[in-house]
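A short write-up of the structure that comes next.
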Amino acid sequence: MSTEPTAPRSPAEPGPGVGESLTDAGAPLLSRRSFFTKLSLGLAGFGAAITGLPIVGFLLAPLFGKPPQQWQSVGAINDFAVGETKLVTFEDPSPLPWAGVTARTSAWVRRENEAEFVAFAINCTHLGCPVRWLSDANIFMCPCHGGVFYQDGRVAAGPPPRPLFRYETRVQGDQLELLTGELPITG
Ligand code: FES
Numbered sequence: 168m169s170t171e172p173t174a175p176r177s178p179a180e181p182g183p184g185v186g187e188s189l190t191d192a193g194a195p196l197l198s199r200r201s202f203f204t205k206l207s208l209g210l211a212g213f214g215a216a217i218t219g220l221p222i223v224g225f226l227l228a229p230l231f232g233k234p235p236q237q238w239q240s241v242g243a244i245n246d247f248a249v250g251e252t253k254l255v256t257f258e259d260p261s262p263l264p265w266a267g268v269t270a271r272t273s274a275w276v277r278r279e280n281e282a283e284f285v286a287f288a289i290n291c292t293h294l295g296c297p298v299r300w301l302s303d304a305n306i307f308m309c310p311c312h313g314g315v316f317y318q319d320g321r322v323a324a325g326p327p328p329r330p331l332f333r334y335e336t337r338v339q340g341d342q343l344e345l346l347t348g349e350l351p352i353t354g
């Protein structure tokens with residue numbers, strides 16, 4: 168270990184500031200602190216950009232016009248029993264690029280008789296929560312604020328201002344299809 172005395176610091180040389188110290192090589196630690204400050208700012212900016220992207224997309228969506236309507240198969244007609252209300256899933260015809268698995272959406276399909284089907288949007292017409300079908304009571308129930316709909320979609324109780332929205336249906340071959348596209352989520 169060297170016992171050489173270190174040369175005195177010249178008054179012109181900048182010394183460490185308050186709360187700073189010198190590394191073994193004499194370089195101020197400020198550069199490390201500055202690095203972490205910049206890193207924190209960068210990460211905060213990145214986080215803000217990721218968070219804000221869907222909001223920007225939502226605001227700009229009207230500029231790109233209405234999403235296309237599209238017939239989509241939701242299953243073979245023999246998979247639906249007369250009088251049964253069943254949940255089906257299908258692809259959102261115009262998913263947002265970052266939608267991921269949420270690009271799959273659902274509807275409740277009821278087979279009224281051999282030839283007639285009714286398809287309800289899954290979203291409650293109050294604030295858009297997904298409604299559940301309670302087969303024992305023959306009603307749709309919204310878990311958010313207690314909205315209740317009859318099996319034909321009419322409002323039975325609670326805050327929903329209008330019946331459940333419906334999709335147009337058709338039978339193609341042995342397949343049941345829904346005309347999917349933009350549906351208003353709330354009334
Ligand atoms: S969102 Fe369904 S009752 Fe409010």
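Sequential numbering of the sequence shown, starting at 168, is according to our numbering. We put the CB at the ideal spot given by N, CA and C, even for glycine.
Nearest neighbour of T272 by Cα position, chosen from N280, G348, I244, E258, turns out to be E258.
Cβ contact annotation for F332 (same chain, cutoff 6 angstroms, sequence separation greater than five): A288, L350, in chain order.
When rounded, the separation of the alpha-carbon atoms in T292 and A286 is 15 angstroms. N290 sits in a strand when the DSSP states are folded into three classes. Look at R321 here: in three-state DSSP terms it is coil, with no helix or strand label.
Residue pairing by DSSP leaves P235 without any beta bridge partner. The beta carbons of P330 and V322 sit about 6 angstroms from each other, so the pair counts as a contact at 8 angstroms. W300 and I352 have their C-alpha atoms some 18 angstroms from each other. Between L346 and Y334 the beta-carbon gap is near 6 angstroms, inside 8 angstroms, which marks them as a contact. In the structure shown, the three-state DSSP call for I244 is helix. At a Cβ-Cβ threshold of 8 angstroms, R277 and Q318 count as neighbours. DSSP places R329 in the coil class of the three-state scheme, outside both helix and strand. Here S302 is near T252, since their CB atoms are less than 8 angstroms apart. Straight-line spacing of the CA atoms in S198 and T204 works out to 10 angstroms. Look at P328: its beta carbon is at least 7 angstroms from all of the heavy atoms in ligand 1.
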